[in-house]
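Residues in the sequence shown are numbered from 1 upward in steps of one, following UniProt numbering. Data block below; observations after.
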Amino acid sequence: MTRALILLRRRLVGSIFVLLIVVIGTFLLLEAAPGDAVDAYIVSTGGDAGMIELLRHRWGLDQSELTRLANYLWALLHLDLGQSVTFSRPIRDVILERLPNTLLLMVSATALSFGLGSALGIYAGARPGSVRDRFLSIGSLALYAVPGFWLGLVLIVVFAVDLRWLPIGGIETLASDKTGLDRATDIAIHLVLPVSALGFIYLALYLRMMRAGMAEVWRQDFVLAARAKGLSRRRIVLAHVARNALLPLVTMLGLQSAQMLGGSVVIESVFSVPGLGRLAQEAVAARDTPLLLGIILTSAVLVIVINLLVDIAYAFLDPRVGAGEAGA
1 MTRALILLRR RLVGSIFVLL IVVIGTFLLL EAAPGDAVDA YIVSTGGDAG
51 MIELLRHRWG LDQSELTRLA NYLWALLHLD LGQSVTFSRP IRDVILERLP
101 NTLLLMVSAT ALSFGLGSAL GIYAGARPGS VRDRFLSIGS LALYAVPGFW
151 LGLVLIVVFA VDLRWLPIGG IETLASDKTG LDRATDIAIH LVLPVSALGF
201 IYLALYLRMM RAGMAEVWRQ DFVLAARAKG LSRRRIVLAH VARNALLPLV
251 TMLGLQSAQM LGGSVVIESV FSVPGLGRLA QEAVAARDTP LLLGIILTSA
301 VLVIVINLLV DIAYAFLDPR VGAGEAGA
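Set out below in structure tokens:
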């Protein structure tokens, strides 16, 4: 426990600098892009020079770039993400409304890809070179090569349009007034297609990694010793081979969190899921820089938190991890 706490403390200190770099870098990149929220507003609604000047003053766009950056960083110290130009509401409230949908999509897709991918990887790696091993390896490679948006569209056409088994999109039935278990069931049904589209691609990655890891562990001396003792193949696979091959997958789970979050942006657009992905799309279209900054900052915090949890889990799974840091 002490070793995990020391590891967590050091990761948190480093995360502060990472967030600072993300905020400053993103702010400067968005400022370098042509146009701003006033230009997008005038194009959509119209207005004269007086209105343009008034809006720039109201939204603080008439200040220098450094002044606005300093004001934004000072507001962040007070956990204030600012006001959304598009929604005319606090950005924190807008993000908190959409964040649960994105988290639900990500967690469900991660559970599907990691759980089923690891299980299929163990099944394939239990007998390297067998027919099932080759079949699953080729199938996973083909699945990994499929773009997420294309897989999502195919799932919509087959299961929503042709068979009509599942809803086309959304997170739940609008104006259904469902509560409790009925609402949870309705949300679960709506998530089947987007979770499948997002999870199947990463499922192929975990399957291939698990299978490759098991093929490597099979050649280790302790496995040969277990076989010499006469242990059953099932026990060797589950207690020795799969357990040691699982460690790299835990590391990959943290590394893939950023890609999973990026993939959810596309999937949310395809299935009309009201999450951070669609919110970012709306912010880009409206040139709502404060809202886009808040979304990117929230996404960075999510990735950092996931990686912290993965580091702690890895430290418990492998006692060698963090031992040097604990002794420093």
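C-beta: ideal position from N, C-alpha, C; glycine also. Nothing here was measured: the structure is a model prediction, and the numbers come from that model.
Rounded C-alpha distance that separates G262 from V161: For this step, residue 262 is matched to residue 262 along the sequence shown. For this step, residue 161 is matched to residue 161 along the sequence shown. Cα-Cα distance, rounded: 27 Å.
message: What would DSSP say about P194, mapped onto helix, strand or coil?
response: By one-based count along the sequence shown, residue 194 stands at place 194. In this structure, P194 counts as helix in the three-state DSSP scheme.
query: By DSSP, does Q63 sit in helix, in strand, or in coil?
result: Here residue 63 is taken as the residue at index 63 of the sequence shown, counted from 1. Reduced to three states, the DSSP call for Q63 is coil.
task: Taking all protein chains shown into account, decide if F222 is buried (16 or more other Cβ within 10 angstroms of its Cβ) or exposed.
output: Within the sequence shown, the letter at position 222 stands for residue 222. Exposed is the call here.
- prompt: In the DSSP assignment, what are the bridge partners of Q281?
  reply: Along the sequence shown, one-based indexing puts residue 281 at 281. Answer is none; Q281 lacks a bridge partner.
field: Three-state class that DSSP yields for P90 in the structure shown
entry: On the sequence shown, position 90 is the one that residue 90 refers to. Correct three-state label for P90: strand.
Cα-Cα separation, D133 to A280: Mapped onto the sequence shown, residue 133 falls at position 133. Mapped onto the sequence shown, residue 280 falls at position 280. Approximately 41 Å, taken between the alpha carbons.
message: Check for me: the alpha helix (DSSP H) holding W218 runs from which residue to which?
response: Here residue 218 refers to the residue found at position 218 when the sequence shown is read from its first residue. Unbroken run through W218: none, as it is neither H nor E.
- prompt: L141 to Q220, Cα distance in whole Å?
  reply: Here residue 141 refers to the residue found at position 141 of the sequence shown. Here residue 220 refers to the residue found at position 220 of the sequence shown. Distance between the alpha carbons of L141 and Q220: 26 Å.
task: Answer yes or no: the CB of D162 versus the heavy atoms of the ligand ATP, is any distance below 7 Å?
output: The ligand ATP is not among the ligands present in this structure, which contains no ligands whatsoever.
query: Contact between the stretch 175-187 and the stretch 202-214: three or more CB pairs below 8 Å?
result: no
message: So, for L120: in the same chain, excluding its five sequence neighbours on each side, which residues have a beta-carbon less than 7 Å away from its beta-carbon?
response: Numbered from its first residue, the sequence shown carries residue 120 at position 120. Answer for L120: L136, L207, listed in chain order.
field: Run of the alpha helix (DSSP H) containing F135, from where it starts to where it stops
entry: On the sequence shown, residue 135 is found 135 positions in, with the first residue counted as 1. Looking at the DSSP string, the run of the alpha helix (DSSP H) that includes F135 is 131-144.
message: Closest to S269 by C-alpha separation, out of P290, G170, A286, E216, would be which residue?
response: Counted from its first residue, the sequence shown places residue 269 at position 269. It is G170.
message: Using a Cβ-Cβ cutoff of less than 8 Å, which residues in the same chain neighbour P248 once the five nearest sequence positions on both sides are dropped?
response: Residue 248 sits at position 248 when you count from the first residue of the sequence shown. The residues are M209, G213.
- request: For G148, count neighbouring Cβ atoms within 10 angstroms of its own Cβ and tell me buried if that reaches 16, exposed if not.
  value: Reading the sequence shown from its first residue, position 148 is the one you call residue 148. With 16 or more other Cβ atoms within 10 Å, it is buried.
- prompt: Which stretch, first to last residue, makes up the alpha helix (DSSP H) that contains I267?
  reply: Walking along the sequence shown from the start, residue 267 turns up at place 267. 242-271 is the span of the alpha helix (DSSP H), which, as asked, contains I267.
- prompt: Is G199 buried or exposed, if buried means 16 or more other CB atoms sit within 10 Å of its CB?
  reply: Numbered from 1 along the sequence shown, position 199 holds the residue referred to as residue 199. So G199 ends up on the buried side.
- prompt: Given V225, which residues of its chain have a CB within under 7 Å of its CB, disregarding the five upstream and five downstream residues?
  reply: Sequence index remark: in the sequence shown, residue 225 carries index 225 (1-based). Per the sequence shown, residue 225 should be read as Ala rather than Val. Nothing meets the Cβ criterion.
query: If you draw a straight line from the C-alpha of L143 to the C-alpha of V192, how long is it?
result: Here residue 143 refers to the residue found at position 143 of the sequence shown. Here residue 192 refers to the residue found at position 192 of the sequence shown. Rounded to the nearest angstrom, the two C-alpha atoms are 18 Å apart.
Residue environment, I290, which counts as buried when at least 16 other CB atoms sit within 10 Å: By 1-based counting over the sequence shown, the position of residue 290 is 290. It is worth fixing the name first, because residue 290 is Pro in this sequence and not Ile. It counts as buried.
task: Please say whether V303 and S272 have beta carbons closer to each other than 8 Å?
output: Working through the sequence shown from its first residue, we reach residue 272 at position 272. Working through the sequence shown from its first residue, we reach residue 303 at position 303. It is not a contact, given that the beta carbons lie outside the stated cut-off.
- prompt: Are the stretch 16-31 and the stretch 66-82 touching, with three or more C-beta to C-beta distances below 8 Å?
  reply: yes
Rounded Cβ spacing between V85 and A286 (contact assumed at less than 8 Å): Mapped onto the sequence shown, residue 85 falls at position 85. Mapped onto the sequence shown, residue 286 falls at position 286. So it is a contact: roughly 7 Å between Cβ atoms.
query: Are there 16 or more other CB atoms within 10 angstroms of the CB of V305, so buried, or fewer, so exposed?
result: On the sequence shown, residue 305 is found 305 positions in, with the first residue counted as 1. Exposed, because fewer than 16 other Cβ atoms sit within 10 Å of the Cβ of V305.
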